[in-house]
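See below for the structure under consideration.
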Amino acid sequence: MPNKPIAISDAESRVMEVLWQQAPQTSEDIVASLLQPTGWHEKTIKTLLNRLLGKGAVSAQKDGRRYLYSPLLRREEWQRLESRSLLDRVFGGKVAPLLAHFSQHEKLSTKEVAELRKLIDAIEKKAR
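Residue numbering for the sequence shown follows full-length UniProt numbering, beginning at 1 and increasing consecutively.
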C-alpha cells in the first residue's frame, strides 16, 4: 500500500522549520525557538509537535527522561507536495499561469528574471 502524503498545517510547518534547521531537539528546545517569534503558549507548541508525531512527520527518540524529536518528512518533499497543491487548486495544475500571475502582479528583480530564463533554457534543452 503506498504511503499517503503527510498534510501539515501552516502552524505545524513552523515547528517543522525549527526541526529542519537543526535536529534532533527536545520539546523544550523547540518551544524556546518558537515562543518569541510566534507568541504561542508552550502548550500550543507541544500540541503541534504531538500532532506532527501522530501524522508521522516527526519521530521521537527517548533520551533518558526526555525525548529528542527529528523530522521524518523532508523539507523538499513537503515543498513538492505544497507546490503541487497550490498549482492544482489555484492554477489548474499549470505552471505558466502561475508565472504569468507573478509577472503581472509582483515585482520581479532582475536576478529573479535571469534565474527564470536559466530555468526555461534548461527545460528547453531537456525537452530536445
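All C-beta atoms in this analysis are idealised placements derived from N, C-alpha and C, irrespective of residue type, glycine included.
Please read all numbers here as calculations on a predicted model, not as lab measurements.
Asked: Lys55 versus Glu17 - alpha carbon distance; Found: 16 Å
Asked: Own chain residues within Cβ distance below 7 Å of Asp10, not counting five before or after; Found: none
Asked: Spatial neighbours of Val31 in its chain, beta-carbon cut-off 8 Å, leaving aside the 5 residues before and after; Found: Glu42, Ile45, Lys46
Asked: Cβ distance (whole Å) where residue 178 is taken to contact Glu12 below 8 Å; Found: In the structure as shown, the chain starts at 1 and stops at 128, and residue 178 therefore has no counterpart that could be examined.
Asked: Three-way DSSP call (helix, strand, coil) for Gln22 in this model; Found: coil
Asked: Boundaries of the beta strand (DSSP E) in which Leu68 is found, first to last residue; Found: 66-71
Asked: Rounded straight-line distance, which links the Cα of Val90 to that of His105; Found: 15 Å
Asked: With 16 other Cβ atoms within 10 Å as the buried cut-off, status of Leu73; Found: buried
Asked: Leu119 classed as buried or exposed, judged by whether at least 16 other C-beta atoms fall within 10 angstroms; Found: exposed
Asked: Residues near Arg128 by beta carbon distance below 7 Å, same chain, minus five either side; Found: none
Asked: Leu86, buried or exposed, once every other Cβ within 10 Å from all chains shown has been counted against 16; Found: exposed
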